[in-house]
Every structure is written in C-alpha cells, then in structure tokens.
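> For the protein sequence lines, the chains are G and F, in the order given. Taking our numbering, I'd label the letters of the first sequence as residues 91 to 564. Taking our numbering, I'd label the letters of the second sequence as residues 91 to 564. Just so it is clear, CB atoms sit at the ideal spot from N, CA and C, and this is done for glycine as well.
2 protein chains.
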Amino acid sequence: MNAPDIPAHPSSACAARPVPEALLQALAQRFGAQCSTAMAVREQHGQVEGSIQAPPPSAVVFAESTRDVADAVRLAGDHGVPVIPYAAGSSLEGHLLAVQGGISIDVNRMNRVLAIHADDLTITVQPGITRKAVNDAVKDTGLFFPIDPGADASIGGMAATRASGTNAVRYGTMRDNVLALEVVTAGGEVIRTGTHARKSSAGYDLTRLMVGSEGTLGIFTEVTLRLYPLPEAVSAAICSFPSIEAAVRTVIQTIQLGVPIARVELIDANTVRGVNAYSKLGLREEPMLLMEFHGSPASVKEQAEMVQELASGHGGTDFEWASTPEERTRLWTARHNAYFAAINTRPGCTPIATDACVPISRLADALLDCVAEADASGIPYFLVGHVGDGNFHFGYLIHPDHPEERARAEQLNRQLVERALRLGGTCTGEHGIGVHKMDFLLQEAGLGGVAMMRSIKQALDPGNILNPGKIFTL
Amino acid sequence: MNAPDIPAHPSSACAARPVPEALLQALAQRFGAQCSTAMAVREQHGQVEGSIQAPPPSAVVFAESTRDVADAVRLAGDHGVPVIPYAAGSSLEGHLLAVQGGISIDVNRMNRVLAIHADDLTITVQPGITRKAVNDAVKDTGLFFPIDPGADASIGGMAATRASGTNAVRYGTMRDNVLALEVVTAGGEVIRTGTHARKSSAGYDLTRLMVGSEGTLGIFTEVTLRLYPLPEAVSAAICSFPSIEAAVRTVIQTIQLGVPIARVELIDANTVRGVNAYSKLGLREEPMLLMEFHGSPASVKEQAEMVQELASGHGGTDFEWASTPEERTRLWTARHNAYFAAINTRPGCTPIATDACVPISRLADALLDCVAEADASGIPYFLVGHVGDGNFHFGYLIHPDHPEERARAEQLNRQLVERALRLGGTCTGEHGIGVHKMDFLLQEAGLGGVAMMRSIKQALDPGNILNPGKIFTL
C-alpha cells in the first residue's frame, strides 16, 4: 500500500559461475558436432551490449529436438551452470547476455511447423521458427498470424518477451495469442501448458505465466498460436498532422469510440525524414499516422470515414490510400524499417531504444513532455509508436564514443519511464525487462510484487540456472 | 512427454484443521460485530454440496476494507488456520467449502466502485460488487462490461474462477478483461499486479496467474476491468435447426469465417421446453441458436446476413429478430434463466452441471457423442452451450434421494470430460476446478503441470492457509 523505498539492485553481472571442464566434456559427448566452443560462435551468441559487460557463453548447443533441450538443461543443471535460450537474437534488453556465465541453447534448428489446424485457427510450431515463416506456412489457408515486432523474431523469443507490434491494438499481444506451450523445466522435465480449446478455467494459467518469463522459468520447445482469418478487405492510409498532439488526439478518440482499427502507428517528423531517405518515399515531413483497416469492404469504408472525420477535426490532411497489396507492403516495410532508417540519419551512431506504455488518455501528455525533454537534450532522436495501445518508442541516437551522450540518453529514458509509471503505465510495453530495466520493474511492481516473482522463480528453478540475472536478481 | 499414470488424489476433505479458541477471540477483538460465529451465518457460507461433506467455517469475517482482509488473513495465518474468500456464493465446483476447516472472509460489503476511467475504458472496483452492479455504475458512460456468467456473480469471484459467459466469443473471458489487481497475500501483505496500460512486458504476469487461482494464491481486494463502448447497433435473433449437429455446424463455419459475432448460444430441445414453460415463451421446441450481433448498423446487417446464409445451408429457419431492447432483454433473460427453467422440468431434482470446452472443429463430434450417452442413460438432462467458444454444459437432473442416479450422472460427466480431453480440450471452460475436478486436472495438465502449480502454491502460501484443498491437494 505504501510506496516502498527502492533499493539499488546488485549488478546482475555478478560473479560468472564457473563452467567445469566436465560439463563441456559431457556436452561434447552427448551433442558431438551440435555443440561448439569456438570463440566466434560463442561471441555471436552473447554479444557485449550497451553498458553491460558480460563474457560470451562457454559453449553453444544447437538443439534439434525437445530431447536435446531437456538433455542440455539437465547436464547444465547437474553442474549448477546457467542455460540461456537463443534463437533470432533480436531481443533489445540484454536477455541473451551470459551475465552469470553459462551455455547458450540455440533453437534455430527447431524451426518446423508441427501442425496447422486451420479449422480451429491454430498452428503449432517449434520455437526457432520466425514470425514471417509462420505466415509463409499458412498463406494458402486464408489465415494469418498478426503479431509483428520490428525484427523477424523467433516465435519462442516473442513468447518469452510477451512481444507485440503494430497489430496488437486489434489482435492483442503474445499474451493473448499463445494458446499452449511445451516447456522444458529447470529439472529437464517436459511439461505441457494449456490446451487447444479457446478458453479454460483449469487451474493456474501456466501458459500466461511462461509467456513473458524471458527464459527464466522454462525453455519453450513447442508453441501453439492463434491464427485469424485474412480480412476480406484491407485498406491502409497515411495522414499528416500539424503536431504530434493532433495526431495523438485523433488516435485517442478513435480508441475511445471503439473503432476496430487494425493498426495505427505514429511516426514523428524526424522519423519521416529518415524513412524518406532510406526507403525512397516522398512523404510529407510532418508527424504522421499510418493506419490499416480490416473487415468487410463496407466495414473498412465505414471505419476509415470515421477516423478521417476525427483526423480532420485535428487538422489532419486527407488520407492518402495504399490500396493495392504492393503499395501496402511498401508502406509497412517502410514502417518496419523506420528503426534502421532513423539510425542512418546519424551515421555510426548507437540507438538507445525506449519502450513505455501508458493508459491511452494520458498518451498526449506523456509524449509531449518526453518530446520537450528530448529536444532540450540536444541528442538526435526519433519517435515511433503503436499509439493505439499507448505504447511508444523514442530512439536516442548517441555517439558510441561519447559516454556523456549515453548518460544523457539514459537519463532521458529514466525520466520517460518514471513519467509513464506516474501516469499509471508500464516501463515496457513489449521489449521486456532483461538486464536493463530491473530497477524500473521494482518501481512498477513494488517490492511485494517483485518478491512474489522471485518466490516463483526460486520454487521452479531452485538452482537458478534458467537465464539467471534477468528480470530481477536473486 | 509420456502419459503419466494418474494416481487417485487423496480426498481434499482430509483433516479439518483445528480453529483455536485464541483465534476466535482475536477475531472478535479485532472485528467486533464484523465477525460472526452464529451457526446460521456459518452454514450460509459453507453449504454442504453434492457428494463432498465439509463442516461450515468456524467464523465469518465481514471485511469492509483491504486492511480488514489483510488483518483477518494475518490472524488466521498466525494460527495456521485456512481462510476462504466469499462473495456472491454462486460458484459451482465447491470452491467455498471449508474442506479443511477455517474461517470465511466475506467481502460482500466491499462492493464499491473506486474509479471509472471512461477515457481509458477501465473501471476499478472492490471484489464484492456484482457484474450487474458494474454495468449499472457505467450505464451513463456509453460503456459496458461484457462478462456474464449465468449468476449475478461478484467480480472477485469471477476473477478467481476465470469466468466467462455468453459474450466471451467476442470479448474474451476474465483472463482477458482483468487489467490489474490488488491482492492480499498469504502473509497478509498487500501487493498490486498489472498497471492501467493495455499491455506490458514487465516481468511475470502475476495478474494472469492470480486470475483463475480460486482463492489459493491471494485474496483480491481491488479489480481493474476493461470496459467496451456500447455498440452503435445491436441485433439479436433466434434460429431453429432440425438437429443439434446442424446448429453446431453453422456455428463452426461462423467462427472459421471470422464473423465477429458477439453471442452465439446453443440450447437443445429439452431446454427450449423448459424455457417455454418457465419464461412463457412460445419458442419452437427444436435445437436453437440465440445470437447477437454488435457493430455499426451496416456491419450488424452484414454479419447477420452472412450467418443467415450459413444457417440456411444447414436447414435453419429464417431468423426471428428481437430488435427492440425490451425484446432482447426478454430473450437473454430467458437464456440466463435456462438453468432454472430446465431444473423446473423435474421438480425436486438436483442438477449436476458439466463444463467442458473443445476446439471448435471438434464441437459437433463431442456434442453428438455426449447426447447419445445422455439419451441412453435415461437421466433427464438439458444442454446449453457458449458454442462459439466450443464450451458446453449438460445438466443432468438427478433425484437427490437416488444415489445411483448421481453415480450415473457422474459417470456421464467423466465420459464427457475425458472425451473433451482426448479432443484437445479442457475439463472446465469457465467454472473452475474447485473440489470436484482435481482428478480431471491431473489428466489435463499432467503430473508435471500440476506439480508446477503445487510448487507455486507452496512458494506463495507456505502455510497452505489460502483456500486449501482446491484445484489440487498438497
């Protein structure tokens, strides 16, 4: 009830635990060529990132089956050595760093589709498959999988970080779209969570507990996802606004009216400039909304008219339509490349990405204050947002050799997160906690909430071998 | 990976733990008139139900605040005595039985609305408020709360059992609609889970872990719910079919086509007969779908036309429309009263309710086999279903003085659940496990899954005082 004092957490990069030679020998014996201790392979699986220093993992196991994962976990567990699941490597919060040493379990070879149940709108896959590959696999069924983080991330990683993306405003996040899991536990056992039914009241919701647990409670070896019928009609449009506030007020009203918009993305003028240069688009260099409407032809038309009317009331331009699939793909590819496009505006820079999410009514306030602070800092930045969810990302483009720029960017991020928390929001909408946001989690969930998470972790992984030093320290 | 042998679970009604006089005195001192040990009050809070015998709780605390709940939990915990949260008392699986003795914490007086954030489409309430009272509270905001189990259940109880109802096919269940909680832990501490943001990747999803935990991990003292804009247009229709199969095939196609139908309820001919007698409706006594469409006027028309076409293809009659709010209310009241109506068809009977849920593609097979078995049993029964979710309820109407009828009904339920599990479904779509489905949960989640649930329980409630003997035994 009372705001607790937040203690400084000890560095998660505490002592790297020793990886005994006996474990490396046992792995070599069990896995042969599926196990590598080559430095190049190890470094690829545990890049030093940002301000956190960590050694690479001592070995990488290329798992090809659930059995492989279970055996690797069991062998590591026998020696008290951490295991870190790895797939696309696109996580942003240091989830893959071997901050306490250990071995990496690479599941990229576990990338098969195990079953498509088109009649039930579900697909069961191995964790190493990427989101684009899932959509390729179902493209003849009339169904699609909507969750689209910027990168072509793996489904296992997306489940582990509770990822979302541009479609979440209509289709939800990984929380809503993972129906069932197969999980290797800390003891190397294999359990199943959830069923193929759409809903259930059968005991604790282990699926939802696992989704977002960042590899700290189990390693996913199968994931059953919800699919959706491809909408009969799809229209995408862009609309420019005189200010970020005008764009955001349009979004807020859209959500409050219950318009079932499928995507509504904000990009600021800085980002538009980057996108124009990178993707060769001639967009008006003003704050802009990218929108997509799904439904029947009549419903799409109706939704678009409603949002156009709201936009006009805030000084938005007429919609420019991307009606053909090719134009739409071009537009959304540009949006997904916005991150790289923006980075290109400051050659050689390092981006520091933020990821707060606030209640929709507070979005304009949150954004405007963050923009003012970013402008005042003098650090180049860009702003994009899944604004229908209240989720936004500033990217601060710092010079890697200027530590004071990093310090200023981290200060901006701190102010941004603390503002989001004051407004009833969260420190991370979709990237996760990893090693970078442990202090923020304490502020958000409180000592009691984090203590509960720790208790669960200790109960399910008493040896603390599953991706230790992430989310919280023990 | 391998199907485990399922051991018989020990009766949850094992030893009732002693409730020391010192605890009763401490409660009397702390709570005065808010604490009762009168037998009538105790019996009302722990009715003997079905085949499970349990004593009433030794005392009932009428909590009026979070502080009251925390203090009651702490006092009980000091003596190792169980606490059982109580509100509307409408649960169906014996959740409220004091199978190991203990005290009841009645939260009916905690029934206030704490905040309505209409702009964010959320409401924060105390746990004792009922779903109808929530809708009364927001009726001037243009918003509504869609989750509607049959009873006018409390929000706390609905969250604790992960309840749903007729609108879940479009609006989800309590899993999807609880955004944040305030929870009193086993230690009597108060924590908050979740935020007011629509999505988050901040650590373990404690909100989803708590939702559906049936009072075994914490007692809810505040619940923040999602609200939805009242649809611009609403139309309800009924359609009769020559067979259950024809009705169900219509529903399956509707879902597979992605029609955003808001409600689609099956009632069988037995139920129609009961409803006609009870609610004075002149419905055709054939299997029937009750449907509701939400959206803009054009979208509602479009959805209805699409489903009418599917229904016609399966021999459905023309839709009969309930277009005015009064007609709609009459229809849905009849649906919500179907349970009582059906019971009335066998005066003096006791209903045994089932609650399985299967993947939608298997719904017809599941229902037809269950109908055949029920018909062969000779026991009067009725069938209703939230069939858009694959969730259905048989009610077997047994004579309370004929134990062999109970045995036959329980055998039917067992066959029904095991069939649902074989088809990839769940033993409970919305009622929970309670004391009645512990064996089924073992079959569904496996020994490993239930072991994980037990570990979590032991970590968060080491004294096993929070509603013990529910979901699983320790």
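Taking its Cβ as the centre, do 16 or more other Cβ atoms sit within 10 Å of Arg512 (chain F), making it buried, or is it exposed?
Against the second sequence, residue 512 (chain F) aligns to sequence position 422. Exposed, by the Cβ-count rule.
> With C-beta atoms as the reference, is Thr516 (chain G) less than 8 Å away from Ala454 (chain G)?
The residue given as residue 516 (chain G) occupies position 426 in the first sequence. The residue given as residue 454 (chain G) occupies position 364 in the first sequence. Result no, Cβ atoms of Thr516 (chain G) and Ala454 (chain G) do not sit closer than 8 Å.
> Under a three-way DSSP split, which group does Ile433 (chain G) fall into?
In the first sequence, the residue the question calls residue 433 (chain G) occupies position 343. DSSP places Ile433 (chain G) in helix when its eight states are reduced to three.
> Using CA atoms only, rank isn't needed, just tell me which of G:Val163, G:His185 and G:Val477 is closest to Ile357 (chain G).
On the first sequence, position 267 is the one that residue 357 (chain G) refers to. Comparing Cα-Cα distances from Ile357 (chain G) to each of G:Val163, G:His185 and G:Val477, the minimum goes to G:Val477.
> With H, G and I counted as helix, E and B as strand and the rest as coil, what does DSSP make of Glu154 (chain G)?
Against the first sequence, residue 154 (chain G) aligns to sequence position 64. Glu154 (chain G): coil per DSSP, three-state reduction.
> For Leu556 (chain F), does the count of other Cβ atoms within 10 angstroms reach 16, so buried, or fall short, so exposed?
Here residue 556 (chain F) is taken as the residue at index 466 of the second sequence, counted from 1. Leu556 (chain F) comes out buried.
> Mind checking if Leu487 (chain F) is an interface residue toward chain G, Cβ cutoff 8 Å exclusive?
The count along the second sequence starts at 1 and reaches residue 487 (chain F) at position 397. Leu487 (chain F) does not count as touching chain G.
> Please classify Met129 (chain F) as buried or exposed, where buried requires at least 16 other C-beta atoms within 10 Å of its C-beta.
In the second sequence, residue 129 (chain F) corresponds to position 39, counting from 1. Classification of Met129 (chain F): exposed, given that the 10 Å Cβ count is below 16.
> Just the chain F side, please: which residues come within less than 9 Å of Gln548 (chain G) by C-beta, in chain order?
Stepping through the first sequence from its first residue, residue 548 (chain G) is reached at position 458. Those are Ala549, listed as they occur along chain F.
> Under 8 Å between C-beta atoms, does Leu315 (chain F) make it to chain G?
Position 225 of the second sequence holds residue 315 (chain F). Chain G, which has no Cβ nearer than 8 Å to the Cβ of Leu315 (chain F), makes this no.
> Check whether the segment 314-332 of chain G touches the segment 159-178 of chain G, counting contact only when three or more Cβ pairs, one atom from each stretch, lie closer than 8 Å.
The segment 314-332 of chain G vs the segment 159-178 of chain G: no contact.
> Measuring alpha carbon to alpha carbon, tell me which of G:Ala497, G:Asp168, G:Leu296 and G:Thr361 ends up nearest Pro552 (chain G).
Sequence index remark: in the first sequence, residue 552 (chain G) carries index 462 (1-based). It is G:Asp168.
> Which residues, in order along the segment 295-313 of chain F, keep a beta-carbon less than 8 Å from a beta-carbon of chain G?
Going along the segment 295-313 of chain F in chain order, one finds Asp295, Leu296, Arg298, Leu299, Val301, Gly302, Ser303 and Leu307 with a Cβ nearer than 8 Å to chain G.
> Can you grab the Cα-Cα spacing for the pair Val525 (chain F) / Pro558 (chain F), in whole Å?
The residue labelled residue 525 (chain F) in the question sits at position 435 within the second sequence. The residue labelled residue 558 (chain F) in the question sits at position 468 within the second sequence. C-alpha separation (whole angstroms): 10 Å.
> In chain G, which residues lie with their C-beta within 8 Å of the C-beta of Leu114 (chain F)?
If you number the second sequence from 1, residue 114 (chain F) lands on position 24. The premise fails here: Leu114 (chain F) is roughly 27 Å from chain G at the closest Cβ pair, so nothing lies under 8 Å.
> Can His286 (chain F) and Ala270 (chain F) be called in contact, C-beta distance under 8 Å?
Position 196 of the second sequence holds residue 286 (chain F). Position 180 of the second sequence holds residue 270 (chain F). Contact flag set, yes.
> Is it a yes or a no for the segment 428-447 of chain F touching the segment 480-490 of chain F, going by three-plus beta-carbon pairs under 8 Å?
Output reads yes: the segment 480-490 of chain F touches the segment 428-447 of chain F.
> So with Cβ pairs under 8 Å, would you call Cys439 (chain G) a contact of chain F?
Stepping through the first sequence from its first residue, residue 439 (chain G) is reached at position 349. It does not; no Cβ of chain F falls within 8 Å.
> According to DSSP, which residues form a beta bridge with Arg288 (chain F)?
Counting from 1 along the second sequence, the entry for residue 288 (chain F) is found at position 198. The partner list for Arg288 (chain F) (beta bridge, DSSP) is empty, contrary to what the question assumes.
> Show which residues of chain F have a CB atom less than 7 Å away from the CB atom of Asn481 (chain G).
The residue labelled residue 481 (chain G) in the question sits at position 391 within the first sequence. Those are Lys289, listed as they occur along chain F.
> Could you give the DSSP three-state label for Cys439 (chain G): helix, strand or coil?
Stepping through the first sequence from its first residue, residue 439 (chain G) is reached at position 349. Reduced to three states, the DSSP call for Cys439 (chain G) is coil.
> Roughly how many angstroms separate the alpha carbons of Thr220 (chain F) and Thr314 (chain F), rounded to a whole number?
On the second sequence, residue 220 (chain F) is found 130 positions in, with the first residue counted as 1. On the second sequence, residue 314 (chain F) is found 224 positions in, with the first residue counted as 1. Those two C-alpha atoms are separated by around 14 Å.
> Can you grab the Cα-Cα spacing for the pair Ser101 (chain F) / Gly184 (chain F), in whole Å?
As a position in the second sequence, residue 101 (chain F) is number 11, starting the count at 1. As a position in the second sequence, residue 184 (chain F) is number 94, starting the count at 1. Summary for Ser101 (chain F): the model assigns pLDDT 45, below 50, so the residue's position carries little reliability; its value from the coordinates is reported in the next sentence. Spanning the two alpha carbons is a distance of roughly 13 Å.
> Pro97 (chain F): buried (16+ other C-beta within 10 angstroms of its C-beta) or exposed?
On the second sequence, position 7 is the one that residue 97 (chain F) refers to. At Pro97 (chain F) the pLDDT is 34, less than 50, meaning the model places this residue with poor confidence; the figure from the coordinates comes in the next sentence. By the 10 Å Cβ count, Pro97 (chain F) comes out exposed.
> CB-CB under 8 Å to Cys439 (chain F), same chain, minus the five flanking residues each way: which ones, in chain order?
Residue 439 (chain F) sits at position 349 when you count from the first residue of the second sequence. Excluding sequence neighbours, Cys439 (chain F) sits near Ile433, Pro470, Leu487, Ile488, His489 and Pro490.
> Go ahead and pull the three-state DSSP assignment for Phe472 (chain G).
As a position in the first sequence, residue 472 (chain G) is number 382, starting the count at 1. The answer is strand: DSSP assigns Phe472 (chain G) an E or B state.
> At the 8 Å Cβ level, is Arg282 (chain G) part of the contact set with chain F, yes or no?
Taking the first residue of the first sequence as position 1, residue 282 (chain G) is located at position 192. Closer than 8 Å: yes.
> So, does the CB of His526 (chain F) fall closer than 8 Å to a CB anywhere in chain G?
Here residue 526 (chain F) refers to the residue found at position 436 of the second sequence. Taking Cβ atoms only, chain G never reaches closer than 8 Å to His526 (chain F), which makes this a no.
> Between Asp358 (chain F) and chain G, is any beta-carbon pair separated by less than 8 Å?
Your numbering for residue 358 (chain F) matches position 268 in the second sequence. Chain G contact via Cβ: absent.
> Report the residue from F:Ser467, F:Glu534 and F:Asn360 whose alpha carbon sits nearest the alpha carbon of Ser290 (chain G).
Numbered from 1 along the first sequence, position 200 holds the residue referred to as residue 290 (chain G). Nearest option by C-alpha distance: F:Glu534.
> Using a beta-carbon distance below 8 Å, is Ser386 (chain G) in contact with chain F?
As a working note, residue 386 (chain G) is residue 296 in the first sequence. Yes - at least one Cβ of chain F is within 8 Å of the one on Ser386 (chain G).
> Compare the C-alpha of Ile142 (chain F) against each of F:Ala118, F:Thr127, F:Gln190 and F:Gly179 and name the closest.
Taking the second sequence and counting its residues from 1, the one referred to as residue 142 (chain F) is at position 52. For Ile142 (chain F), the nearest C-alpha among the options comes from F:Gln190.
> Please report how far the alpha carbon of Met542 (chain G) lies from the alpha carbon of Val540 (chain F), in whole angstroms.
Here residue 542 (chain G) refers to the residue found at position 452 when the first sequence is read from its first residue. Here residue 540 (chain F) refers to the residue found at position 450 when the second sequence is read from its first residue. Going by the C-alpha atoms only, they are around 19 Å apart.
> Can you tell me which of the three DSSP states Ser386 (chain F) falls into?
Numbered from its first residue, the second sequence carries residue 386 (chain F) at position 296. Here Ser386 (chain F) sits in coil by DSSP.
> Could you give the distance in angstroms between the alpha-carbon of Arg544 (chain F) and the alpha-carbon of Gly293 (chain F)?
As a first step, residue 544 (chain F) is located in the second sequence; it is residue number 454 there, counting from the start. As a first step, residue 293 (chain F) is located in the second sequence; it is residue number 203 there, counting from the start. One C-alpha to the other measures close to 21 Å.
> Does chain F have any CB closer than 8 Å to the CB of Leu457 (chain G)?
Locating residue 457 (chain G) in the first sequence gives position 367, counting from the first residue. Cβ-Cβ to chain F under 8 Å: no for Leu457 (chain G).
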